[in-house]
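Notes to accompany the following structure.
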Amino acid sequence: MNTQVLKKAGRGRALAVLLSVVILALAGCGRLPRSGPVNEASVPPTEEAVFGLTPAGPATGASPEEVIRGFLLAGSSGAGDDYATARQFLTKEAGRTWNPRSQVRVYPNSQNISPTQREDGTYVISVTAQGTVDTGGRYTEASTDAIHSTTFKLDRNASGEWRIAELEDGIMMTDSLFASMYVRTPLYFIGPGSDTMVPDLRFYPRMTFISSTIAGLLAGPSPWLADAVHSEIPTSLRMASSPKLESGVLTLDVTAEISTLSRESQARAVQQIQRSFTGQSVVPVHSVNITVSGEPLDTIAIADLPTYPYGAYDLTVLENNRPYKVEEGKTRPVFSSGVFDDIQVARMAGNYSDSVASYALLTAQRDALVRVGSDGFQPFTMVRGERLVEPSYDYWGWVWTSETDNKGVVLAAADDGRVRELTAPFLKGARIREVRASREGARLLIVAQVGDTVQMLIAPIQRDARHEPTALGDPLEVGQRLADVSSVAWISSTDIAVLGRATAGTDPLIFAVRVGGPMERLNVTPYPGSVRLTAGRGEQSIVVLTDQQVVATRDGGAWRPVATGVTDIVLPG
């Protein structure tokens, strides 16, 4: 079975639903090896039952088309029986070599599986591609004009029944079935300076959630993120006995390698494990108890490492060329008027400090970033350029920008005047629209345009022990299903609010683009005329600015105008 993601050519075949199956599968404890590499295996669930329909094997006299459909149905829900039913549709040799866990190809619920026979006797299936999950649980979103194309070769067995003889590894399923059978799992790794945690989003089958999560943690971060984070969990760590999940408490009995760590590293490793299991909302794991060969792990208490270091901040707006704080529906100037006598401001960014307000101001000519603060220092020029992108503050006080017409360089400037030029070859020749540092400062979101294509790129930020940026790594692309992106803001450690368009020429909508997962449209219609947004924590924090200089904030399920005559809106970041 040869699978490709191809561009659609012409009008597609009318498609209907393949699977009208609802499967409610709750977590079972995976039995992990006591030595050697971690492999997935299932044991009977501890507390949770598994409900659903078990697909039947091939019927006597089934046609090739029926065999293919039956195989796809059995494969999509086959984790519960280790794909034994799905293998019944294959020849013995194909059943021996087929690896169902190599990838999951996800397609929209509205699509129909309709095998078409070709002149060479093989059968082909083509459906609109939604995304693909690799063997490590990493989800890659497909562009809106991509398809999954799959070819099968069938032979008759000794009984004269049709069986699949050639196919590619992996399974296919609808997006609704995928959502019900897979757990969105953020694996947490340690950020630069060892004082934050950074999520690496994965998708694991519910039936193997526990074993898959441990295997993922031991394997380490995804290649694109690896240069910006590290793990304190020893790669040689193994399970001393089977995991147990009782009343929401997961007990992991591990081998002694964790005891060889320093007390601080051990405490961080424990936090990694605990956060990774409790950071998802599907499998009822409320806490994690770690033992070493049956004995409690004696570890020190350290402060919780933040995953999204964002507090409570007032909105800042740019009005009459000056920053104002919006407090209880009223505005007050942040600085005295004299500070801005010689500065014409186009855009601004604010820092995360509760005590010393600091702003990076992009001049009206967009050729300089000027720093102003409440610390008594005079305004000074942080960066000069030709046409700079609007700035973004990170949690550690660095301001990020770049040239709009990029030559493969991103700039980071500190409040004390230091400037770092970080090479970014993947941006050479691109036109940069926005840059936005993630809250913990380990990732940089870049909105770039190359020709007519707009991309959202997440580049890992390498830093030294003092949090000074030292390099940018190769990026991960997200938001592939968007045709245009107007404005972006982080709303969680994995989600980005985007004012954009799924189809060119349509009205803009607000989406949540997920780093390592499928995007979704938020259940809110943008305030009329919205052209920009900013945000803090969660979708209720989203603030928009209109083309009529009106600022509107969320008020439950509606919008509430809070200011007029505004040319920019800023929350820290």
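In UniProt numbering, the protein residues as written are 1 to 573.
Glycine is no exception: its CB is placed at the ideal position from the N, C-alpha and C atoms.
Report the three-state DSSP secondary structure of residue i (helix, strand or coil).
i: V419; result: strand
i: S20; result: Because S20 sits at a pLDDT of 32, beneath the cut-off of 50, its placement in the model cannot be relied upon, and the point is left open.
i: G131; result: strand
i: S35; result: Because S35 carries a pLDDT of 35, less than 50, the predicted location of this residue cannot be relied on, and the following value inherits that uncertainty. Here S35 sits in coil by DSSP.
i: D195; result: coil
i: P460; result: strand
i: S231; result: coil
i: T208; result: helix
i: R466; result: coil
i: S236; result: coil
i: N2; result: Confidence in N2 is poor, its pLDDT being 40 and thus under 50, which makes the residue's placement unreliable; the coordinate value appears in the next sentence. DSSP places N2 in coil when its eight states are reduced to three.
i: I432; result: strand
i: Q455; result: strand
i: residue 575; result: Since the first and last residues shown for the chain are 1 and 573, residue 575 lies out of range.
i: Q88; result: coil
i: Q344; result: coil
i: T260; result: helix
i: D81; result: helix
i: R532; result: strand
i: I68; result: helix
i: Q111; result: coil
Nearest to residue i by CA position, among the options, is which residue?
i: R481; options: A146, R366, N99, A552; result: A146
i: V570; options: E161, L472, V478, R322; result: R322
i: S355; options: L362, V334, M348, L369; result: V334
i: A364; options: D452, P379, A357, E390; result: E390
i: P379; options: A357, V133, P284; result: A357
i: Q88; options: T567, R436, A59; result: A59
i: A558; options: D342, G408, E539; result: E539
i: G137; options: E166, R105, N157, D394; result: R105
i: V326; options: D568, Q462, A158; result: D568
i: G248; options: A497, A86, K407, S287; result: S287
i: T255; options: S241, A267, S262; result: S241
i: Q117; options: R101, S63, T85, D200; result: S63
i: G451; options: S110, L427, V551, A442; result: L427
i: V550; options: D195, Y188, L318; result: L318
i: A414; options: L444, R371, S126; result: R371
i: V513; options: A267, T140, V544, A158; result: T140
i: S281; options: A179, D375, D298, S259; result: A179
i: E386; options: F377, D367, D375, Y395; result: D367
i: Q266; options: E246, L297, S293; result: L297
i: S110; options: K407, T174, M456, T546; result: T174
i: S77; options: G170, V485, R96; result: G170
i: E93; options: G121, L154, S102; result: L154
i: I290; options: G279, Q271, V283; result: Q271
Name the one or two DSSP bridge partners that residue i has.
i: N289; result: T251
i: V513; result: I496
i: T316; result: K325, V570
i: I190; result: M197, H230
i: F380; result: R371
i: I171; result: V104
i: Q280; result: DSSP output for Q280 lists no bridge partner at all.
i: Y359; result: G350, V372
i: Y139; result: V133
i: R184; result: F203
i: D555; result: A558
i: A563; result: V551
i: R332; result: K325
i: D304; result: Answer is none; D304 lacks a bridge partner.
i: D489; result: For the sequence presented, residue 489 should be read as Ala rather than Asp. According to DSSP, A489 bridges with A497.
i: F296; result: Sequence check: residue 296 is Pro here, not Phe. Paired residues: T291.
Report the CB separation of residue i from residue j in whole angstroms; it is logged as a contact under 8 Å.
i: V124; j: T151; result: 5 Å
i: M172; j: Y107; result: 7 Å
i: E65; j: P115; result: 5 Å
i: L472; j: A424; result: 5 Å
i: Y393; j: G573; result: 6 Å
i: P55; j: L73; result: 5 Å
i: E244; j: T235; result: According to the sequence as given, residue 244 is Lys; it is not Glu. Going by Cβ atoms, the distance from K244 to T235 rounds to 24 Å, so no, they are not a contact pair.
i: V183; j: G191; result: About 24 Å separates the two Cβ atoms, so there is no contact after all.
i: L237; j: E257; result: 5 Å
i: T185; j: T213; result: 6 Å
For the 8 Å Cβ check, are there 3 or more pairs between the stretch 501-508 and the stretch 211-231?
No, the stretch 501-508 is not in contact with the stretch 211-231.
Determine, using beta-carbon pairs with one atom in the stretch 203-212 and one in the stretch 301-314, whether at least three such pairs fall under 8 Å.
Contact between the stretch 203-212 and the stretch 301-314 is absent, because fewer than three Cβ pairs lie under 8 Å.
If you pair each beta-carbon of the stretch 453-469 with each one of the stretch 534-548, do three or more pairs fall below 8 Å?
No: the two stretches stay apart, fewer than three of their Cβ pairs being nearer than 8 Å.
Three or more beta-carbon pairs under 8 Å between the stretch 389-409 and the stretch 432-441, yes or no?
Taking 8 Å as the limit for Cβ pairs, the verdict is that the stretch 432-441 does touch the stretch 389-409.
Inspect the CB distances between the stretch 471-485 and the stretch 521-535 and report whether three or more fall short of 8 Å.
With the rule of 3 Cβ pairs closer than 8 Å, the stretch 471-485 does not count as touching the stretch 521-535.
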